[in-house]
Amino acid sequence: MFAVFRTPRKPLTRPLARIAALVSAFWVAACDPIATGSTGPSINTDAPVPVALLVPGGSGSSGDELIARSLRQAAQLAVSDLQGAQIDLRVYDTGPSAAGAASAATRAVDEGAKIILGPVYAEAANAAGVAVAGRGVNVLSFSNNPDIAGGNVFVLGPTFQNTANRLVSYAAGQGRGRIMVVHDRNASGEAGKRAIESAIGNSRGASLAGTGSYDFSQEGVVAAVPNIVSTARDSGAQSMFFTADTAGALPLLAQLLPEAGLDRETTRFIGLTRWDIPAATLALPGVQGGWFALPDPTLNQQFQSRYQSAFGEAPHPISGLAYDGIAAIGALVKAGKADALTTSALTQGSGFVGVSGIFRLRSDGTNERGLAVGQVRNNQVYVIDPAPRSFGGAGF
């Protein structure tokens with residue numbers, strides 16, 4: 001059971017925990033990725049291209065089974081949408097362990113897979129990449145953890161760095177570039193802090209106003225609030241960038257900071273994570289006026305509707321990554337070149353169009369995604385800066 005803030009003044013008896021089912025939650029320990037001299041296999045352009053989809057089925061977890069089904073169905077929907085490209089989609093369950101992911105990846109390549117889509121969790125994705133690195137097969141994982149990216153492993157999940165870059169750039173452009181970072185004292189919070197500080201350092205018109213942190217518990221947040229407010233006032237912070245998500249400290253921070261005297265108009269709240277998942281977060285008084293980044297709403301809604309119509313249920317929040325992976329592979333295969341799935345092809349600068357907008361894979365194994373900037377007003381999300389529709393435009 002995950003701890004959730006319900007009565008903010010009542011101390012919890014255990015630390016807060018992040019929900020691993022959402023897009024931003026695949027941060028687990030992983031080994032260093034293995035670089036491979038090969039850039040990818042050659043494919044037969046006259047036959048369907050074997051693509052392996054690794055999903056967390058067989059783990060014994062109902063949550064993992066839901067994710068596995070949703071990823072499989074999204075990939076099948078993407079295959080059915082392809083025009084001019086033939087994909088032979090093969091689905092493999094990884095079970096509950098990284099060893100299971102490595103075994104599934106090895107089996108998939110033994111059976112002819114030319115590229116691997118998945119797995120979900122970072123440790124499993126790393127293991128799959130290591131298992132097939134020497135065989136020249138690339139892995140497009142659903143993780144968002146850049147620590148596993150590199151060599152033959154790519155991450156399709158939205159990264160903290162990409163989100164931070166988008167929001168810091170927008171804040172600077174709106175005259176809100178003096179930014180204070182407030183983060184959890186845990187692995188995810190520290191990673192988010194580094195991403196935001198890197199974005200500030202690389203953005204014209206942005207500067208670091210200061211930092212605030214808290215132990216990852218309700219008592220820790222309550223104890224940290226006075227110092228956070230004091231730092232914001234003394235530094236003249238125009239924005240306060242939170243690493244916290246809606247399942248963790250965000251609801252409490254959003255309540256207690258204004259109660260302690262922080263003016264949300266003087267210091268704009270910005271979130272590194274999605275504030276519209278779950279939708280109930282939008283009703284919190286403390287997040288009103290705040291900014292966060294989200295995928296292209298129009299394209300995302302179209303996918304949600306098509307998936308619901310095809311399968312009679314709503315897609316899991318990360319299922320669009322499976323569609324995006326197939327869409328990218330299909331676009332490359334359609335070109336009819338034997339080297340369509342090599343690293344150089346996968347990292348083409350023009351990128352791809354997926355169900356959440358444009359995206360492209362980088363040579364370091366990370367990705368860039370075109371994001372919109374949303375503002376919470378009257379318990380709803382309003383897009384105040386649309387997602388770019390091509391690379392080189394706004395937001396990049």
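Following full-length UniProt numbering, the numbering of the sequence shown begins with 1 at its first residue and continues without gaps. By construction, the Cβ of each residue, glycine as well, lies at the ideal position given by its N, Cα and C atoms. Please read these numbers as outputs of a predicted model, since none were measured by experiment.
Identity of the residues DSSP links to A293 by a beta bridge
The residue given as residue 293 occupies position 293 in the sequence shown. Paired residues: V373.
Name the residue from G150, R194, A131 and S143 whose alpha carbon lies nearest to the alpha carbon of Q161.
Counting from one through the sequence shown, the residue named residue 161 turns up at place 161. Considering only alpha carbons, the answer is R194.
Between which two residues does the beta strand (DSSP E) harbouring T106 extend?
Position 106 of the sequence shown, counting from 1, holds the residue named residue 106. Not the beta strand (DSSP E): T106 falls in the alpha helix (DSSP H), residues A98 to D110.
Start and end residues, alpha helix (DSSP H) containing residue 406
No information on residue 406 is available, as it lies outside the stretch 1 to 396 that the chain covers here.
Shortest alpha-carbon distance to G248 belongs to which of W275, G261, G370 and L262?
In the sequence shown, counting from the first residue as 1, residue 248 sits at position 248. Checking every option, the nearest Cα to that of G248 belongs to W275.
Identified DSSP bridge partners for N138
As a first step, residue 138 must be located in the sequence shown, where it is residue number 138. N138 is bridged to I115.
Nearest neighbour of I43, chosen from D64, D88 and A75 [CA to CA]
Within the sequence shown, the letter at position 43 stands for residue 43. Taking only the C-alpha atoms, the option nearest I43 is D88.
Tell whether a beta-carbon distance below 8 Å holds between V137 and N152.
Sequence index remark: in the sequence shown, residue 137 carries index 137 (1-based). Sequence index remark: in the sequence shown, residue 152 carries index 152 (1-based). Closer than 8 Å, so yes.
Roughly how many angstroms lie between the CA atoms of G63 and F391, to the nearest whole one?
Stepping through the sequence shown from its first residue, residue 63 is reached at position 63. Stepping through the sequence shown from its first residue, residue 391 is reached at position 391. Using only the alpha carbons, I get a separation of about 35 Å.
Please classify N227 as buried or exposed, where buried requires at least 16 neighbouring CB atoms within 10 angstroms.
As a working note, residue 227 is residue 227 in the sequence shown. The residue is exposed, with fewer than 16 neighbouring Cβ atoms inside 10 Å.
Distance, Cα to Cα, V381 vs L156?
On the sequence shown, position 381 is the one that residue 381 refers to. On the sequence shown, position 156 is the one that residue 156 refers to. Each residue's Cα considered, the two are about 25 Å apart.
Evaluate M72 with the Cβ neighbour count: other Cβ atoms within 10 Å of its Cβ, from every protein chain shown; 16 or more gives buried, anything less gives exposed.
Here the question's residue 72 lines up with position 72 in the sequence shown. In the sequence under discussion, the amino acid at residue 72 is Arg, which differs from the Met named in the question. Per the 10 Å Cβ criterion, buried.
For G289, tell me which candidate among G320, R268 and D245 has the shortest Cα-Cα distance.
Numbered from its first residue, the sequence shown carries residue 289 at position 289. Of the candidates G320, R268 and D245, the one whose C-alpha sits nearest the C-alpha of G289 is R268.
Answer with buried or exposed for P278, where buried requires no fewer than 16 other C-beta atoms within 10 angstroms of its C-beta.
Here the question's residue 278 lines up with position 278 in the sequence shown. Answer is exposed; the Cβ neighbour count stays below 16.
Confirm, please, whether the CB-CB distance from L53 to A75 is below 8 Å.
Within the sequence shown, numbered from 1, the residue matching residue 75 stands at position 75. Within the sequence shown, numbered from 1, the residue matching residue 53 stands at position 53. Yes, the pair counts as a contact, with Cβ atoms nearer than the cut-off.
Are the beta-carbon atoms belonging to G177 and G205 less than 8 Å from one another?
What you label residue 177 is simply residue 177 of the sequence shown in a count that begins at 1. What you label residue 205 is simply residue 205 of the sequence shown in a count that begins at 1. Cβ atoms of G177 and G205: closer than 8 Å.
Between the alpha carbons of L117 and P48, how many angstroms are there, rounded?
Counting from one through the sequence shown, the residue named residue 117 turns up at place 117. Counting from one through the sequence shown, the residue named residue 48 turns up at place 48. C-alpha separation (whole angstroms): 16 Å.
Excluding sequence positions up to five away, which residues of its chain have a Cβ less than 6 Å from the Cβ of L82?
Here residue 82 corresponds to residue number 82 of the sequence shown, with the count starting at 1. The residues are G330.
Could you compute how far the alpha carbon of S38 sits from the alpha carbon of T366?
By one-based count along the sequence shown, residue 38 stands at place 38. By one-based count along the sequence shown, residue 366 stands at place 366. For S38, the predicted model reports a pLDDT of 43, less than 50, meaning its position is unreliable; a value from the coordinates is still stated below. Using only the alpha carbons, I get a separation of about 19 Å.
Kindly indicate which residue of L294, T246 and R233 has the alpha-carbon position closest to the one of T266.
Counted from its first residue, the sequence shown places residue 266 at position 266. Nearest option by C-alpha distance: R233.
Counting pairs of Cβ atoms below 8 Å between the stretch 138-145 and the stretch 318-325, do you hit three or more?
yes
Bridge partner(s) assigned by DSSP for S207
The residue labelled residue 207 in the question sits at position 207 within the sequence shown. DSSP, once it has assigned bridges, lists R178 as partnering S207.
Please state the DSSP three-state secondary structure of L82.
Residue mapping note: residue 82 aligns to position 82 of the sequence shown, counting from 1. It is coil, neither helix nor strand.
In the structure shown, what three-state DSSP assignment does V120 receive?
Translated into the one-based positions of the sequence shown, residue 120 becomes position 120. Residue state, collapsed to three classes: coil.
Here's the rule I'm using: 16 or more other beta-carbon atoms within 10 Å means buried, otherwise exposed. How should R369 be labelled?
The residue given as residue 369 occupies position 369 in the sequence shown. Per the 10 Å Cβ criterion, buried.
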